[in-house]
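Asks: Straight run, no breaks: the sequence shown in the numbering used here ends on number 461.
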Amino acid sequence: MGSVRTALFAWLLARSTGGQFVLRIEDTDQERFIPGSEAQIVESLTWLGLNWDEGPDVGGPYGPYVQSSRLEHYQEHAARLAKSGAAYWCTCTPERLAGMRDAQRAAKLPTRYDRHCLHIQDEVIAQREAGMPAVLRQRMPEGRCIWSDAIRGEVSFDYADIDDSVLLKSDGYPTYHLAVVVDDHLMQITHVIRAEEWIPSTPKHLALYAALGWEPPRFAHVPVVLGPDKLKLSKRRGAPAILEYGEMGYLPEAIVNAMALLGWSSGTEEEFFTPEELVARFSLDRVHPAPAIFDPKRLDAINGLHIRRCDTSRLIELLEFHLPGTSQEIRRQLVPLLQERMVTLRDATKLAAPLFGEIEDDPDVAFPPKKVDTATAAMLLDACVLRVEAGGLDNLDQLRLELDDLLGATGVKARDGFRVLYIAILGKPQGLPVFAAMAFIGAKATTARLRAAHRRLAQG
């Protein structure tokens, strides 16, 4: 949710300003590379409707858009940095680095590279040329780094507090720091929207832009997304992946709507937005730096609104997954019954279940229900059978009025008395509109259920 929310903000900014939204696959960290992750990213963004203007599949003027296919660019600019002195080669072994960090921790000092190799570059370069594994480290400049963040305003760091990070690994692959700067420049990226966890890395990136003589993009660091427990949302803690929300019955436009509200405000109390409305209203100056709380109940409410405003023909198609084995015509009949009562599309399965097959008596459901005595319940069931057999399902409003009048004569309110019919037809004292449910299952099934309920009354 958090990662895709960041992509959404970038998409909204691009669409609202007439810009280009770029999909770039950053796969240079081979140790953390997960097979299939690229396909999942593409499928997730496609399902949400976050189409891109440039990317691996659609191409563009600055391709390729997969970093592992761009290694020559990183190596070329790494050499430039080494030549200018903005970076230096390091042949320190993992054992030496571990010992250095242990000593720093023991002395209660910050753990960072001690620049051992910076002072013996001639020797290190000779070792590298002789085949010793070497990495290229960024040489952080002196002074203070200050920039204007589009969301947080002025941010500053002392360069002396920042480690000399690795830019190019011994296998020739770049780290994120080098690759993202080179690619953002070569791809003419103007705005970078990313998670706030990258704020401490921004001075490294700005120093690289300066060392290479390039104009940096505008940075916007979005707030972290927390769960209801105020802890960061993550897959490790059970947060669903975006595509799982689709399987759970959420509409993509509802997910987009809910995600947009995680840190962004329209300036009004309104919370329902279509993607088109979000594009029209979005601006970075309405994104707040404070952590955003993801509330599943809020998503449910928003999803329910989107379902109720969903086009009937689209709902018929969407419900095929949740009502397997039903025809388009059956789903067309069900949509008016279901649409106002679903929070997610998955609710259709449970709501419609009593309409198919036999219903079972639920021992936890009192029958007759409270406020209705047995004699009144029996009388109502008998009256309903007679009217249905006489064609009452052809005019549901008239059927309701006649039974309402009948209950009124006994002093029982319709909302209490009709619970008898709900239990008889649906097995529960609430659910789909009971008269519409009768019409759906037909006169034969309706009278059979009403008579079965009558027998249940007689048996006590």
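Glycine included, C-beta positions come from ideal geometry on N, C-alpha and C.
According to DSSP, is tyrosine 89 helix, strand or coil?
Replies: Taking the first residue of the sequence shown as position 1, residue 89 is located at position 88. DSSP, read as helix, strand or coil, puts tyrosine 89 in strand.
Asks: Short check: CB of leucine 339 to CB of alanine 349, under 7 Å?
Replies: In the sequence shown, counting from the first residue as 1, residue 339 sits at position 338. In the sequence shown, counting from the first residue as 1, residue 349 sits at position 348. Yes, Cβ-Cβ distance for leucine 339 and alanine 349 is below 7 Å.
Asks: Going by CA-CA distance only, name the one from Gln21, Gln41, Asp374, Arg457 that's closest to isoleucine 190.
Replies: Here residue 190 refers to the residue found at position 189 of the sequence shown. If we check each option's Cα against that of isoleucine 190, Gln21 comes out closest.
Asks: Is leucine 234 closer than 7 Å to glycine 3 when the C-beta atoms are compared?
Replies: Taking the sequence shown and counting its residues from 1, the one referred to as residue 3 is at position 2. Taking the sequence shown and counting its residues from 1, the one referred to as residue 234 is at position 233. Yes, the pair counts as a contact, with Cβ atoms nearer than the cut-off.
Asks: With H, G and I counted as helix, E and B as strand and the rest as coil, what does DSSP make of alanine 196?
Replies: Walking along the sequence shown from the start, residue 196 turns up at place 195. It is a strand residue.
Asks: Cα separation between tyrosine 75 and serine 17?
Replies: As a first step, residue 75 must be located in the sequence shown, where it is residue number 74. As a first step, residue 17 must be located in the sequence shown, where it is residue number 16. Their backbone Cα atoms lie some 32 Å apart in a straight line.
Asks: Work out the CA separation of alanine 454 and isoleucine 424 for me, nearest whole Å.
Replies: One-based indexing of the sequence shown puts residue 424 at position 423. One-based indexing of the sequence shown puts residue 454 at position 453. Using only the alpha carbons, I get a separation of about 8 Å.
Asks: Measuring straight from C-alpha to C-alpha, what distance separates arginine 309 and aspartate 185?
Replies: In the sequence shown, residue 309 corresponds to position 308, counting from 1. In the sequence shown, residue 185 corresponds to position 184, counting from 1. About 42 Å.
Asks: Cβ of arginine 388 within 7 Å of Cβ of leucine 407?
Replies: The count along the sequence shown starts at 1 and reaches residue 388 at position 387. The count along the sequence shown starts at 1 and reaches residue 407 at position 406. Between arginine 388 and leucine 407, the C-beta gap is not smaller than 7 Å, which leaves the two residues out of contact.
Asks: Run through DSSP, which three-state label would tryptophan 215 get?
Replies: For this step, residue 215 is matched to residue 214 along the sequence shown. DSSP places tryptophan 215 in coil when its eight states are reduced to three.
Asks: In terms of residues, what are the limits of the alpha helix (DSSP H) holding tryptophan 148?
Replies: Numbered from 1 along the sequence shown, position 147 holds the residue referred to as residue 148. First-last for tryptophan 148: 145 to 150, but that is the beta strand (DSSP E), not the alpha helix (DSSP H).
Asks: Are there three or more Cβ pairs, one per stretch, closer than 8 Å when the stretch 212 to 230 is compared with the stretch 269 to 276?
Replies: no
Asks: How would you write the range of the alpha helix (DSSP H) that glutamate 318 sits in, first residue to last?
Replies: Indexing the sequence shown from 1 puts residue 318 at position 317. It spans 313 to 319 - the alpha helix (DSSP H) in which glutamate 318 sits, taken as one unbroken run.
Asks: Take arginine 129 and list the residues in its own chain whose beta-carbon comes closer than 8 Å to its own, dropping the five residues that flank it on each side.
Replies: On the sequence shown, residue 129 is found 128 positions in, with the first residue counted as 1. If we look at arginine 129 and ignore the five residues flanking it on each side, its Cβ neighbours are Trp90, Thr92, Ala135.
Asks: Are the beta-carbon atoms of leucine 169 and leucine 119 separated by less than 7 Å?
Replies: Against the sequence shown, residue 169 aligns to sequence position 168. Against the sequence shown, residue 119 aligns to sequence position 118. For leucine 169 and leucine 119, no; Cβs fall outside 7 Å.
Asks: In three-state DSSP terms, what is phenylalanine 283?
Replies: Residue numbering aside, residue 283 sits at position 282 when the sequence shown is read from its first letter. When secondary structure is reduced to three states using DSSP, phenylalanine 283 falls in the coil class, being assigned neither helix nor strand.
Asks: Whose C-beta lies closer than 7 Å to the C-beta of tryptophan 215 among residues of the same chain, with five residues either side of it excluded?
Replies: Locating residue 215 in the sequence shown gives position 214, where the first residue counts as 1. Closer than 7 Å at Cβ, skipping near neighbours: His186.
Asks: If you measure between the beta carbons of arginine 102 and threonine 112, is that distance less than 7 Å?
Replies: Taking the first residue of the sequence shown as position 1, residue 102 is located at position 101. Taking the first residue of the sequence shown as position 1, residue 112 is located at position 111. Yes, Cβ-Cβ distance for arginine 102 and threonine 112 is below 7 Å.
Asks: How close, in whole Å, do the beta carbons of proline 57 and tyrosine 63 come, if the pair is a contact with beta carbons under 8 Å?
Replies: Working through the sequence shown from its first residue, we reach residue 57 at position 56. Working through the sequence shown from its first residue, we reach residue 63 at position 62. Actually they are not in contact, since the Cβ atoms of proline 57 and tyrosine 63 sit about 12 Å apart, beyond 8 Å.
Asks: Can you give, in chain order, each stretch of the alpha helix (DSSP H) that sits fully within the stretch 58 to 146 and has at least 4 residues?
Replies: 72 to 85, 95 to 107, 122 to 130
Asks: Could you check where the beta strand (DSSP E) with glycine 154 kicks off and where it finishes?
Replies: Working through the sequence shown from its first residue, we reach residue 154 at position 153. Element bounds for glycine 154: 154 to 159.
Asks: If we call anything under 7 Å between Cβ atoms a contact, is arginine 6 one with leucine 263?
Replies: Position 5 of the sequence shown, counted from the first residue, corresponds to residue 6. Position 262 of the sequence shown, counted from the first residue, corresponds to residue 263. In contact: arginine 6 and leucine 263 (Cβ atoms closer than 7 Å).
Asks: If we call anything under 7 Å between Cβ atoms a contact, is leucine 51 one with phenylalanine 283?
Replies: In the sequence shown, the residue the question calls residue 51 occupies position 50. In the sequence shown, the residue the question calls residue 283 occupies position 282. For leucine 51 and phenylalanine 283, no; Cβs fall outside 7 Å.
Asks: For phenylalanine 34 and serine 85, what's the separation of their Cα atoms in angstroms?
Replies: Residue mapping note: residue 34 aligns to position 33 of the sequence shown, counting from 1. Residue mapping note: residue 85 aligns to position 84 of the sequence shown, counting from 1. Approximately 32 Å between the Cα atoms of the pair.
Asks: Beta-carbon within less than 7 Å of aspartate 159's beta-carbon, same chain only, minus the 5 sequence neighbours each way: which residues are those?
Replies: Locating residue 159 in the sequence shown gives position 158, counting from the first residue. Same-chain partners within the cutoff: Arg145.
Asks: Is the Cβ-Cβ distance between aspartate 363 and glycine 428 less than 7 Å?
Replies: Position 362 of the sequence shown holds residue 363. Position 427 of the sequence shown holds residue 428. Result yes, Cβ atoms of aspartate 363 and glycine 428 sit closer than 7 Å.
Asks: Suppose you measure from the CA of leucine 356 to the CA of glycine 432; what does that come to, to the nearest Å?
Replies: Within the sequence shown, the letter at position 355 stands for residue 356. Within the sequence shown, the letter at position 431 stands for residue 432. Leucine 356 and glycine 432: Cα-Cα distance of roughly 11 Å.
Asks: Return the Cβ separation of valine 336 and isoleucine 317 in integer angstroms, given the expectation that the two are a contact with Cβ distance under 8 Å.
Replies: Taking the first residue of the sequence shown as position 1, residue 336 is located at position 335. Taking the first residue of the sequence shown as position 1, residue 317 is located at position 316. Valine 336 to isoleucine 317, Cβ: 6 Å. Contact.
Asks: For glutamine 105, which residues of its own chain have a beta-carbon under 6 Å away from its beta-carbon, when the five flanking residues on both sides are left out?
Replies: Along the sequence shown, one-based indexing puts residue 105 at 104. Cβ within range, chain order: Thr112.
Asks: If you check the beta carbons only, do threonine 152 and proline 290 fall under 7 Å apart?
Replies: Taking the sequence shown and counting its residues from 1, one reaches residue 152 at position 151. Taking the sequence shown and counting its residues from 1, one reaches residue 290 at position 289. As written in the sequence, residue 152 is isoleucine, which differs from the threonine given in the question. Yes. Within cutoff.
Asks: Given this structure, state the Cα-to-Cα distance separating leucine 352 from isoleucine 243, to the nearest angstrom.
Replies: Looking up residue 352 in the sequence shown gives position 351. Looking up residue 243 in the sequence shown gives position 242. Spanning the two alpha carbons is a distance of roughly 25 Å.
Asks: Mind checking who isoleucine 294 pairs with in its DSSP beta bridge?
Replies: Sequence index remark: in the sequence shown, residue 294 carries index 293 (1-based). Paired residue(s): Leu227.
Asks: If contacts are defined as beta-carbon pairs under 8 Å, then tryptophan 48 and proline 253 qualify, I think. What distance do you get, rounded to the angstrom?
Replies: Numbered from 1 along the sequence shown, position 47 holds the residue referred to as residue 48. Numbered from 1 along the sequence shown, position 252 holds the residue referred to as residue 253. For a cut-off of 8 Å, the C-beta gap from tryptophan 48 to proline 253 is around 5 Å, short enough to register as a contact.
Asks: Reducing DSSP to helix, strand and coil, say where glycine 1 ends up.
Replies: Residue 1 lies beyond the stretch modelled for the chain, which goes from 2 to 461, so this question has no answer here.
Asks: So what's proline 175 in DSSP terms, helix, strand or just coil?
Replies: Counting from 1 along the sequence shown, the entry for residue 175 is found at position 174. If DSSP states are grouped into helix, strand and coil, proline 175 belongs with the strands.
Asks: Considering only C-alpha positions, which residue in the set Ala302, Pro430, Trp199 is nearest to aspartate 150?
Replies: Translated into positions along the sequence shown, residue 150 becomes position 149. Taking only the C-alpha atoms, the option nearest aspartate 150 is Trp199.
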